[in-house]
Every structure is written in C-alpha cells, then in structure tokens.
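What follows is one structure encoded as structure tokens, with my remarks underneath.
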Amino acid sequence: MRTIRATRETVIKKVPIKVIDIIGTDLCIASEDGQKVFDKTVPLLKAGKHVVVSFDGVSMFIPLFMNVAIGQLYSMFSEGEIRAQLEVSGLASDDMEILQRVVENAKRYYANPKAYDKAWAAITDHTSDAENNIRK
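In terms of this note's numbering, the sequence shown is residues 16 to 151.
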C-alpha cells in the first residue's frame with residue numbers, strides 16, 4: 016500500500032465526484048456503475064487528492080453498489096489513507112449506516128481475502144452438493 020503524507024501547512028483542495036454524473040442515473044443499483052465510481056476515485060486518491068464522493072440527487076442505492084464503489088478501495092489503500100482522503104456526502108443517516116456496514120465488511124475481507132474466499136468456496140461447494148442430492 017502507498018503511504019500518503021500531508022503536513023498542516025498543506026492546503027487540501029477537495030475534488031468532487033458527483034455519482035449521478037458518473038453513472039448517468041439516480042439509481043445506484045448496478046455493480047458496473049459502482050465500478051465506474053471506483054475507477055474515477057482510485058487515480059485521484061493515488062495522486063494524493065482529497066476526494067468527495069457526492070450522492071446528492073441519488074434516490075436509491077443498494078449495498079452491492081457501495082461494495083464496489085467504496086468497499087473495494089480497501090483492497091488498494093489503508094484505512095488511514097481512506098479516512099484522510101475520502102469524504103462521502105449526500106447520504107441520509109440510514110444510508111450512512113449501510114455504508115458503515117459495507118466499510119466494516121470490506122476491512123474484514125481485505126485483511127485476509129484468501130481465508131474468506133476459501134470459506135465461501137467451501138460453503139458454495141457444500142450447497143451445490145446438497146442441491147445435487149435433492150435433484151437425484
């Protein structure tokens with residue numbers, strides 16, 4: 016992971032990313048649209064910019080969108096970097112709770128993705144075996 020440092024003297028210019036302008040709709044429900052937001056955010060964070068992801072005007076979102084748009088940032092940046100450089104605006108308090116859950120899940124997953132992937136594979140393999148037995 017990259018280390019990003021700023022001093023108190025540094026004037027931080029905030030770079031806005033308006034979600035509805037990126038995805039072209041007020042519905043944040045497709046993972047592909049979440050990927051567009053992620054792809055726009057990453058180079059700015061890598062450049063040391065302070066990014067404000069604005070959900071102003073968004074009428075609905077689902078956790079899948081947030082997992083892709085925000086959660087996967089934890090695969091590339093530390094929690095400290097994200098806290099220092101990323102701001103989210105325009106979400107109601109209920110929506111912020113969903114985002115917080117997405118962030119907590121992402122931090123847990125990216126702390127040990129191989130273990131989570133292995134556990135998921137074991138569960139889905141077991142489920143597939145059970146479904147095959149039912150069909151027989």
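Positions of the beta carbon are idealized from the N, C-alpha and C atoms, including for glycine.
This structure is a prediction, so every number in the text was calculated from the model and none was measured.
- In this structure, V34 and V68 form a Cβ contact; the two beta carbons are roughly 7 Å apart against a cut-off of 8 Å.
- Contact between the region 29-44 and the region 67-82 is present, with at least three C-beta pairs closer than 8 Å.
- Cα atoms of Q115 and A62: separation of roughly 25 Å, rounded to the nearest angstrom.
- Looking at the DSSP output, S69 sits in a beta bridge with K33 and S104.
- Excluding five sequence positions before and after S90, the CB atoms of its chain that fall closer than 7 Å to its own CB belong to Y125, given in chain order.
- Around the Cβ of M111, a 10 Å sphere holds fewer than 16 other Cβ atoms; the residue is exposed.
- Shortest Cα-Cα distance from L79 to any of K55, R98 and N120 involves N120.
- Our two residues, I97 and V66, have alpha carbons roughly 9 Å apart in a direct line.
- When DSSP states are grouped into helix, strand and coil, M81 belongs to the helix group.
- Close CB contacts of I77 within its chain, under the 6 Å cut and outside five residues either way in sequence, are with I44 (chain order).
- Taking the C-beta atoms as reference points, L88 is found nearer than 9 Å to L101.
- Taking every protein chain shown into account, the CB of T139 has fewer than 16 other CB atoms within 10 angstroms, so this residue is exposed.
- Rounded to the nearest angstrom, the gap between the Cα atoms of L60 and A99 is 10 Å.
- Counting other Cβ atoms within 10 Å of its Cβ, G95 stays below 16 and is therefore classed as exposed.
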